[in-house]
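With the sequence shown counted from 1, adding 91 to any position gets you this note's numbering.
Just so you know, even glycine gets a beta-carbon here, dropped at the ideal spot from N, CA and C.
What follows is a single structure, written as structure tokens, with notes after it.
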Amino acid sequence: MIYEITHTTTYDYLNAVALSHHLLRLHPRESRPQRVLTHHLQLDPRPTIIQSHVDYFGNSVRCVTVEGSHRRLIVRASSKVMTGLALRPLPQETPSWQTVRDSCRGAQIGAALEASDFLFDSPLIRTREEYGDYALPSFPADRPLLEGINDFTRRIHHDFKFDPKATTLATPLEQVFKSRRGVCQDFAHLQIACLRSLGLPARYVSGYLETQPPPGQARLMGADASHAWVSVYCTGLGWVDVDPTNNVMPTTRHVTVAWGRDYSDVSPIRGVILGSGEHQLKVAVDVVPVPDSD
Numbered sequence: 092m093i094y095e096i097t098h099t100t101t102y103d104y105l106n107a108v109a110l111s112h113h114l115l116r117l118h119p120r121e122s123r124p125q126r127v128l129t130h131h132l133q134l135d136p137r138p139t140i141i142q143s144h145v146d147y148f149g150n151s152v153r154c155v156t157v158e159g160s161h162r163r164l165i166v167r168a169s170s171k172v173m174t175g176l177a178l179r180p181l182p183q184e185t186p187s188w189q190t191v192r193d194s195c196r197g198a199q200i201g202a203a204l205e206a207s208d209f210l211f212d213s214p215l216i217r218t219r220e221e222y223g224d225y226a227l228p229s230f231p232a233d234r235p236l237l238e239g240i241n242d243f244t245r246r247i248h249h250d251f252k253f254d255p256k257a258t259t260l261a262t263p264l265e266q267v268f269k270s271r272r273g274v275c276q277d278f279a280h281l282q283i284a285c286l287r288s289l290g291l292p293a294r295y296v297s298g299y300l301e302t303q304p305p306p307g308q309a310r311l312m313g314a315d316a317s318h319a320w321v322s323v324y325c326t327g328l329g330w331v332d333v334d335p336t337n338n339v340m341p342t343t344r345h346v347t348v349a350w351g352r353d354y355s356d357v358s359p360i361r362g363v364i365l366g367s368g369e370h371q372l373k374v375a376v377d378v379v380p381v382p383d384s385d
């Protein structure tokens with residue numbers, strides 16, 4: 092599937108800003124099932140400095156500086172991305188969850204060592220005994236990992252209500268767990284916290300969803316904005332994505348932009364300004380499938 096994606100962020104400042112610096116993570120990732128065909132970045136006002144690098148997790152980052160007085164900043168990222176299906180085994184054919192847990196403990200080399208980066212607490216996620224207790228019914232002894240992950244994803248989808256008014260970016264995970272309400276970011280953080288509390292490596296994935304589903308399919312929650320889901324490490328297989336907000340395993344309708352330990356590693360735009368800190372923020376995302384030319 093090919094998508095044209097436009098991600099527009101507008102900052103309206105109460106007072107003029109003299110100088111601003113921003114880190115942008117808006118370039119979709121390249122992977123085996125996903126190809127970036129084109130990507131363009133536009134800023135108004137135009138930046139005086141643009142620098143690019145790849146961060147620790149392999150995400151593409153742009154560092155931009157905007158000089159001169161301005162009361163509005165518009166950042167527009169336009170991408171064309173081709174998505175494909177990742178190969179997945181039958182859930183019952185994956186190793187037991189204890190095998191995966193034990194393979195990542197004290198790993199010295201290879202994929203398990205990379206996965207161990209995602210076992211520990213991060214700025215927005217803390218492991219807790221009660222999170223592990225909540226996840227544990229999905230992971231009885233010797234259950235294949237992917238069977239447990241699918242069951243746990245279903246339980247989060249059933250137990251928690253999607254409510255955009257319930258949380259903000261600053262809402263602690265403990266409050267989300269107690270209120271049973273939130274958005275995709277909250278549910279991804281929750282699932283990661285629970286899995287790490289069991290000793291399973293899990294990372295946070297940011298990206299987009301197709302806005303209009305194919306005929307006869309339900310519209311997924313999280314469209315028209317950046318979306319978030321979870322990737323879980325499986326020994327011998329690698330990383331497997333799950334979307335607790337929608338109780339699905341991402342397919343061609345999910346477009347991956349970045350991944351990290353939690354949202355703080357992958358926020359689309361982060362900046363520092365010289366001037367008034369008060370502003371209004373508007374974000375609009377359009378994910379439009381390109382019609383088949385055949």
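Residue 193 versus residue 206 - alpha carbon distance: 12 Å
Under the three-state DSSP convention, the category residue 207 falls into: helix
Reduced DSSP secondary structure (H/G/I, E/B, other) of residue 238: helix
Limits of the alpha helix (DSSP H) - the one that residue 299 falls within: First-last for residue 299: 293–300, but that is the beta strand (DSSP E), not the alpha helix (DSSP H).
Three-state class that DSSP yields for residue 201 in the structure shown: helix
Distance CB(residue 376)-CB(residue 297) smaller than 8 Å: no
Per-residue DSSP class, three states only, for residue 162: strand
Residue 109: first and last residue of the uninterrupted beta strand (DSSP E) it sits in: 93–115
Span of the alpha helix (DSSP H), counted from its first residue to its last, around residue 287: 275–288
Contact set for residue 230: own chain, Cβ-Cβ below 6 Å, skip 5 residues either direction: 188, 239
Residues that DSSP places opposite residue 432 in a beta bridge: Since the first residue of the chain shown is 92 and the last is 385, residue 432 is not available in this structure.
Contacting residues, own chain, Cβ-Cβ under 7 Å from residue 225 (five flanking each side not counted): 285
Residues that DSSP places opposite residue 334 in a beta bridge: 339
Among 147, 278, 174, the one whose alpha carbon lies nearest that of residue 380: 174
Residue 167 vs residue 97 beta-carbon contact at 8 Å: yes
Reduced DSSP secondary structure (H/G/I, E/B, other) of residue 190: helix
Beta-carbon spacing of residue 359, residue 115 below 8 Å: yes
Residue 237 burial status per 10 Å Cβ neighbour count (16 or more: buried): buried
Residue 272 in three-state terms, based on DSSP: strand
Nearest-angstrom Cβ-Cβ length linking residue 276 and residue 293, presumed shorter than 8 Å: Residue 276 to residue 293, Cβ: 14 Å. No contact.
Inter-residue spacing [alpha-carbon to alpha-carbon] between residue 222 and residue 92: 37 Å
Candidates 357, 272, 128: closest to residue 255 by CA position: 272
Residues of its chain near residue 246, where Cβ-Cβ distance is below 7 Å and the 5 sequence neighbours each way are ignored: 229
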